[in-house]
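Visitor: For the sequence shown, my numbering begins at 145 and goes up steadily by one.
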Amino acid sequence: MSKGKGRYRHLFGPVPSRRFGLSLGVDLIPLKTCSFNCIFCQLGPTTRLTVDRAEYVPVSEVTAELERWSREGAKCDYVTLSGSGEPTLHSRFGEVLDFARQLRKARTALLTNGTLLGCEEVRKQAVRADVVKVSLSAWDDASLRAVNRPAPGIGWDDLVSGIRSFRRHFSGELWMEVFLVPGVNDDPTGVAKIAAVVDSLEPTKVHLNTAVRPAADRGIGRMSLDAMWDLARLFQSPTEVIGEYTGEEPVGTSATRDRILDMLKRRPCTAEDLARVFGLHPNEVSKHLAKLSWQRKIAATEVGGRKYYRASGHDVNGGSA
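The structure is reproduced here in structure tokens:
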């Protein structure tokens with residue numbers, strides 16, 4: 145299943161995830177509505193930087209789509225609240241978690257930047273997930289501004305305090321993600337400070353991550369696996385370095401990727417172009433582009449402030465190089 149052909153507005157996938165196996169994504173937030181504007185975000189710069197919570201999409205629409213998806217008998221390992229922005233900005237995200245678990249007895253996951261966990265109501269809803277993955281990639285206010293560029297009013301001390309409060313009330317699995325950007329937050333001294341905070345939260349596991357897909361800011365590099373494993377030694381908690389997903393892909397995934405590649409052989413396209421043409425969620429497009437890039441089948445070129453993808457060996461005007 146994909147969001148193609150207008151069948152689903154708020155679900156995407158199941159898509160292969162490096163952490164959750166086959167993950168059915170639930171998108172509760174309009175594209176790029178977030179409390180962070182991270183330099184590494186695969187969906188590009190945040191267009192609505194906010195901490196205001198609301199029912200951005202009707203819960204009734206989301207639950208109806210989940211029920212329809214369940215009736216089709218599709219396979220997934222997790223139902224994951226992620227998508228186009230910060231899911232805890234949705235004022236009723238906890239109801240979606242409850243519905244997903246009751247519907248399929250599936251494991252549920254919440255992917256959050258943790259900025260709203262200082263709010264008691266957010267914590268009450270977040271504890272309903274089986275797994276909560278919280279990103280923490282800074283060690284003070286200056287590094288938070290450099291990496292995550294938060295909405296006004298979000299500071300380092302309050303962020304960490306909110307995560308600590310959540311941890312005290314959460315009996316499920318807490319996964320912490322540290323996203324490393326070369327030259328920005330990969331200095332061992334800074335990472336050691338991150339590790340001290342993360343370890344104090346007693347997470348189930350820690351994931352060290354780096355850019356494998358096009359990022360919001362130009363020039364964001366990817367750390368080598370060896371360098372990441374060296375930094376992993378600074379953590380006392382069980383720590384993994386996240387690599388490319390190598391498990392089973394949903395039926396049709398490879399065929400969709402081939403269609404994307406065929407189009408890029410004919411003419412260069414932006415990620416937004418591909419999402420519109422194929423009726424895919426931006427996250428799905430991003431994963432396909434990452435796979436094709438890793439296979440060295442495509443390349444990216446900046447033209448007029450926009451990033452265009454093309455098949456390797458084809459220039460930006462669509463012809464063969």
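Here a beta-carbon is modelled for each residue, glycine too, at the ideal position from N, C-alpha and C.
Are the segment 260-276 and the segment 209-219 touching, with three or more C-beta to C-beta distances below 8 angstroms?
Guide: These segments do not touch.
Visitor: Can you grab the Cα-Cα spacing for the pair SER368 / GLN186, in whole Å?
Guide: Roughly 18 angstroms between the two C-alpha positions.
Visitor: Pull up the distance between the alpha-carbon of ILE338 and that of ASP406, whole angstroms please.
Guide: Distance between the alpha carbons of ILE338 and ASP406: 43 angstroms.
Visitor: Given this structure, state the Cα-to-Cα distance separating ASP285 from THR259, to the nearest angstrom.
Guide: Rounded to whole angstroms, ASP285 to THR259 spans 13 angstroms at the Cα level.
Visitor: Take ARG251 as the anchor and find which of ASP417, LEU233, ASP274 has the nearest alpha-carbon.
Guide: Closest option to ARG251, Cα to Cα, is ASP274.
Visitor: Would you check if the segment 168-184 and the segment 227-241 touch, i.e. whether three or more CB-CB distances between them fall below 8 angstroms?
Guide: Touching, per the Cβ criterion.
Visitor: Can you find the residues in the same chain that come closer than 7 angstroms, C-beta to C-beta, to SER456, ignoring five residues on each side of it along the sequence?
Guide: These residues qualify, in order along the chain: ARG440, LYS441, ILE442, ALA443.
Visitor: Beta-carbon within less than 6 angstroms of SER126's beta-carbon, same chain only, minus the 5 sequence neighbours each way: which residues are those?
Guide: The chain is shown from 145 up to 465; residue 126 falls before or after that span and cannot be answered.
Visitor: Can you tell me whether DSSP reads ASP274 as helix, strand or coil?
Guide: ASP274: coil per DSSP, three-state reduction.
Visitor: What's the gap between the Cα of GLY297 and the Cα of ALA340?
Guide: Approximately 24 angstroms, taken between the alpha carbons.
Visitor: Report the option in PHE323, ALA218, GLY423 whose CA atom is closest to the CA atom of GLY365.
Guide: The option with the nearest alpha carbon to GLY365 is PHE323.
Visitor: With a Cβ-Cβ cutoff of 7 angstroms, do ARG454 and PRO412 count as a contact?
Guide: For ARG454 and PRO412, yes; Cβs fall inside 7 angstroms.
Visitor: If SER381 sits next to VAL335, beta carbons under 8 angstroms apart, how far is it from one beta carbon to the other, in whole angstroms?
Guide: At roughly 13 angstroms, the Cβ-Cβ gap does not stay under 8 angstroms, so SER381 and VAL335 are not in contact.
Visitor: Starting from HIS351, follow the beta strand (DSSP E) in both directions and report where the run begins and ends.
Guide: Residues 349-353.
Visitor: Comparing C-alpha positions only, which one of LEU433, MET372, ILE386 sits nearest to THR400?
Guide: Residue LEU433 is the option with its Cα nearest to THR400.
Visitor: Quick check: the Cα distance between LEU303 and LEU424, rounded to an integer number of angstroms?
Guide: Answer to the nearest angstrom: the Cα atoms are 33 angstroms apart.
Visitor: In chain order, what are the residue ranges of uninterrupted alpha helix (DSSP H) at least 4 long that sit wholly in the segment 177-224?
Guide: Complete alpha helix (DSSP H) runs here, min 4: 203-215.
Visitor: Can you tell which of PRO158, PHE243, MET372, ARG410 has the C-alpha that lies nearest to the C-alpha of ALA218?
Guide: Of PRO158, PHE243, MET372, ARG410, the residue nearest in Cα terms is PRO158.
Visitor: TRP319 by DSSP, collapsed to three states: which one?
Guide: TRP319: strand per DSSP, three-state reduction.
Visitor: Find out if the Cβ-Cβ distance for the pair TYR152, GLU209 is shorter than 7 angstroms.
Guide: Yes; because the gap between Cβ atoms is below 7 angstroms, this pair is in contact.
Visitor: Tell me where the alpha helix (DSSP H) around VAL291 begins and ends.
Guide: Unbroken alpha helix (DSSP H) run through VAL291: 285-291.
Visitor: Can you tell me which residues form a DSSP beta bridge with VAL341?
Guide: Answer by DSSP bridge pairing: none, since VAL341 is not bridged.
Visitor: Using the C-alpha atoms, what's the distance from ALA290 back to HIS234?
Guide: So the two alpha carbons sit approximately 26 angstroms from each other.
Visitor: Between LEU241 and ARG272, is the Cβ-Cβ spacing less than 7 angstroms?
Guide: Contact flag set, yes.
Visitor: Which residue from CYS220, PHE314, VAL385, ASN329 puts its Cα closest to that of SER281?
Guide: Comparing Cα-Cα distances from SER281 to each of CYS220, PHE314, VAL385, ASN329, the minimum goes to ASN329.
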